[in-house]
Amino acid sequence: MTPFSLVFKEQVPLNDHSVSIRFKVESETPLVAIAGQFVRLHMQQDDGFDTFRSYSIASIFTEEKCELDEIEIAMTWVEGGLATRKLAALQPGDRLEASGPYGRFCLLPDHHQRYFLIATGTGVTPYRAMLNELKNRLKAGSEVFVVMGAQDAPGLLYEADFRAVEKAYGNFHYIPCLSRREREQPALNDRTGYVQKFLAELDFDVDSDIAYLCGNPGMVDESFALLKDKGLPVTLIKREKYVSPPVKKK
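Using the UniProt record's numbering, the letters of the sequence shown map in sequence onto residues 1 to 250.
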């Protein structure tokens, strides 16, 4: 995992408080990643300490593992947050140092009968990166459920990308779970409440199902406990959690 540079290209709003940020990759060696992995953006705190922030790669991979010349991340603005201040101020051509890829939140080589990809907020970005590989699993007969939790419809990041796959494959299901405000015109598979409510209504095949959890820590922990109580083996419940400790400069 060699350090590399990211050159800012553009920022595109996803909703009122979330954005997609696109970078060109500049590296002495190719940046080869697997869909589902993340990178760390390195930045300096106001007190002079070096730190980093971790972001899943949101770019749709052409294949499960590929060389990336550009990457896309999604982030939610946090008032007063270090990353918010640093990234909001970027101008085209500005450079950030980064490292990676990191993480094992990737599709396992073994094919499963049903995939439950569960997310809130920007936690849906790894699943977007996996879309082309998921199509291969769909063609092989697997069934995929993307269960996306948000307060309201604008919080359903990248919905159009998932809807396009749903339209093309009858065994792909996009399940929006809206916890605060329903749409005026409900869309296909819209649910009310948290994703945990939807999961609680399901029965799982402990021999052929697999679940992935990414997003709000509370959702991840509660869903993990729920799935475990329903008999799904811990080895088949994949979780992604980021840690961003400050690192003192030498």
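Beta carbons: idealized from backbone N, C-alpha and C, even for Gly.
query: Tell me, which residues are paired with D203 by DSSP?; result: Answer by DSSP bridge pairing: none, since D203 is not bridged.
query: Anyone know if the C-beta pair for L107 and V146 falls short of 8 Å?; result: no
query: Grab me the residues of M43's own chain with a C-beta within less than 8 Å of its C-beta, minus the 5 sequence neighbours each way, in chain order.; result: D50, T51, F52, R53, L82, A83, K86 and L96
query: Under three-state DSSP, which class holds S235?; result: Here residue 235 turns out to be Thr, not Ser, going by the sequence shown. Helix.
query: Are three or more beta carbon pairs between the stretch 128-139 and the stretch 59-72 nearer than 8 Å?; result: yes
query: In the structure shown, what three-state DSSP assignment does V124 receive?; result: helix
query: Which same chain residues end up closer than 6 Å to E72 when comparing Cβ atoms and leaving out the 5 residues on each side of it in sequence?; result: S20, R22, A58 and S59
query: Check whether the Cβ atoms of L178 and D209 lie closer than 8 Å to each other.; result: no
query: Along the beta strand (DSSP E) that carries R95, what are the first and last residues, could you check?; result: R95 to Y102
query: Short of 6 Å in beta carbon distance, which residues of its chain neighbour residue 253, apart from the five on each side in sequence? Order them along the chain.; result: One cannot answer for residue 253 here, as it falls past the ends of the chain, which runs 1 to 250.
query: Can you tell me whether DSSP reads G215 as helix, strand or coil?; result: coil
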